[in-house]
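Protein chains in written order, with the working numbering: chain A, 1 to 287; chain B, 1001 to 1253. Beta carbons: idealized from backbone N, C-alpha and C, even for Gly.
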């Protein structure tokens, strides 16, 4: 199965370059985005369900708004690339640490944030001539969409993600203890506050990499969450990863043909509907 | 092994606590509701800074580093894990996390210890089940097994018998006896079940208003003591196998 998904991902990437005419950096950026989104689900897998991805927590909306505001003041894309991870970490710390939102409240707050972004985006499309459909399309499809830079940049990001994946697998017992709560984590001689902050920072970094690499097309909730629990076999891990990569490449190819302005909202709605359908009893237990 | 000198619980106790607990002993802390049993254990477990001097194996409790803490103290307060998604086996293996290096896998002896705990606590049939899918009795046993598996020098347990059936109580009793058999591990548990406490422990501490009102051998537990400290009438019989007290209450009285 993993081989089939890998083959499909490779085929989609080749088609994106040869048929859609995108530079080779584009599928590499989407691969990085898909990998980062997989890791986001991987570290969430030790925690309680539901586990909304970066789209449905509102992180993507928040980072998009942040990128728009930064772009108003700074013309340099390098500054946007540097500040977006900071914003992502601050978002995680604010929602998870300061507000201490549970999973359910996070999902509900995500609806609100995405709604706010949708309204603001529509308003800016009408009111600001600098913010046109091309800009919105670039926002939705990330660096892959603008095909920024050479293949060197995504090739530098992917080994970092591989290292984080290895770290996440090695630290699976500690992540599981963290999800069990303070008494269990501290009972093992670990600092609970530091562990939580480290996890939230990791979520922020991975959200920002996903957002920068693949925009709003990194979410893969339709695949389902990464296998739950502390102990996940390597084969199953890699199988899930290849699914993420396959979906991300297919999304890139389809957005290259149809445009990310059409694909991104459709993907968002589809993943959101599936997520809330699967978790409706937890999110709205009395519904 | 465990020494308390001048320890005052935040309950306005008149006299401070000064107690010694020998290595290899099992001590039950009993007393009426609100007497300070849980607070006593929480103070030793360093859940809050208690006034006085508490030493474990000669080391001041306040000087134990975060990394050393689980080697000395394992505290069972009955709280379930916030997330019960992993299997029972995975959960029990986590009890040994403090014994391995960060980012390193578990050693074979840790795996063997987890397997042994599964057998000892009669959890073999639930080995691969998600923790949250266990029956309540087995779930409770799993939580106790987790704290025992930590293999700390001092095992503190707050009402381990609560929610357990007869079969599970026997398992826990035998496990605690095995745990202290080598003379290196010490168990202190609080219990509202006087029969369980008398059958399991080598020593009974009766708490009252944050202080120790009586320090007894289990065989000394009788109806007068129960009437004096628990303000209730009971019949205390003797177990025909080991001669230890068994407490019976009069229904409807």
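Contact holds between the stretch 1207-1216 of chain B and the stretch 1005-1023 of chain B, because three or more Cβ pairs, one in each stretch, are under 8 Å apart. Within the DSSP secondary-structure output, residue 1248(B) pairs in a beta bridge with 1235(B). In the three-state DSSP reduction, residue 1001(B) falls in the coil class, being neither helix nor strand. Along the stretch 1057-1071 of chain B, going in chain order, the ones with a CB nearer than 7 Å to a CB of chain A are 1066, 1067, 1069, 1070.
Chain-ordered, the chain B residues with CB closer than 8 Å to the CB of residue 191(A) read 1066.
Residue 1208(B): member of the beta strand (DSSP E) spanning 1203-1208, first to last residue. Around the beta carbon of residue 1181(B), a 10 Å sphere encloses fewer than 16 other beta carbons of the protein chains shown; the residue is thus reported as exposed.
With a threshold of 9 Å between beta carbons, residue 187(A) makes contact with chain B.
By the neighbour-count criterion, in which a residue is buried when 16 or more other Cβ atoms sit within 10 angstroms of its Cβ, residue 1(A) is exposed. Residue environment analysis places residue 1245(B) among the buried positions, since at least 16 neighbouring C-beta atoms fall within 10 angstroms of its C-beta. Counting only runs of 3+ residues, the beta strand (DSSP E) found wholly inside the stretch 1144-1230 of chain B occupies 1154-1158, 1186-1190, 1203-1208, 1211-1216, in chain order. For residue 1036(B) and residue 1028(B), the gap between their C-alpha atoms comes out near 13 Å. Here the stretch 188-201 of chain A makes no contact with the stretch 62-72 of chain A; the two share fewer than three CB pairs at distances below 8 Å. Non-local C-beta neighbours of residue 1226(B) in its own chain, meaning closer than 6 Å and more than five positions away in sequence, comprise 1234, ordered along the chain. Along the stretch 166-183 of chain A, the positions whose C-beta sits under 8 Å from a C-beta of chain B are 167, 170, 171, 173, 174, 176, 177, 179, 180, 181, 183, read in chain order.
When 9 Å is used as the limit between beta carbons, residue 1077(B) is near these residues of chain A: 183, in chain order. Buried is the label assigned to residue 249(A), since at least 16 other Cβ atoms lie within 10 Å of its Cβ.
1046(B) is the residue among 1101(B), 1003(B), 1046(B) whose C-alpha sits nearest the C-alpha of residue 1073(B).
The alpha carbon of residue 1091(B) has as its nearest neighbour, out of 1108(B), 1103(B), 1118(B), the alpha carbon of 1118(B). DSSP places residue 1240(B) outside both helix and strand once states are collapsed to three, so it counts as coil.
Interface annotation for the stretch 1080-1091 of chain B against chain A: 1081, 1082, 1083, 1085, 1086, 1087, 1090, criterion Cβ-Cβ distance under 7 Å. Excluding the 5 residues flanking it on each side, residue 73(A) has no same chain C-beta neighbour closer than 8 Å.
As summarised for the stretch 1046-1133 of chain B, the continuous beta strand (DSSP E) elements at least 3 residues long and confined to that stretch are 1051-1056, 1073-1076, given in chain order. Leaving aside the five residues that flank residue 101(A) on each side, the residues in its chain whose CB is nearer than 8 Å to its CB run, in chain order, 95, 109. Within chain A, the C-beta atoms nearer than 8 Å to that of residue 1094(B) come from 173, 176, 177, 180, 184, 188, 230, in chain order.
Assignment of beta strand (DSSP E) within the stretch 126-214 of chain A, counting only whole runs of 3 or more residues, yields no such run. Annotation: the continuous alpha helix (DSSP H) that includes residue 237(A) extends over 234-258. Rounded to whole angstroms, the Cβ separation of residue 125(A) and residue 136(A) is 7 Å, and the two are in contact under 8 Å. Judged by DSSP in its simplified three-state form, residue 1009(B) adopts coil rather than helix or strand. For residue 1190(B), there are no neighbours in chain A by C-beta distance under 8 Å, as the nearest C-beta there is about 16 Å away. Only exposed fits residue 1014(B), as fewer than 16 other CB atoms lie within 10 angstroms of its CB. Taking a 10 Å sphere around the C-beta of residue 281(A), we find fewer than 16 other C-beta atoms and assign the residue as exposed.
A distance below 9 Å separates the beta carbons of residue 34(A) and residue 244(A). Burial state of residue 200(A) is buried, judged by a 10 Å Cβ sphere holding 16 or more other Cβ atoms. In the DSSP annotation of this structure, the continuous segment of the beta strand (DSSP E) that includes residue 1020(B) starts and ends at 1017-1021.
Note: residue 1027(B) is bridge-paired with 1188(B), 1203(B) in the DSSP secondary-structure output.
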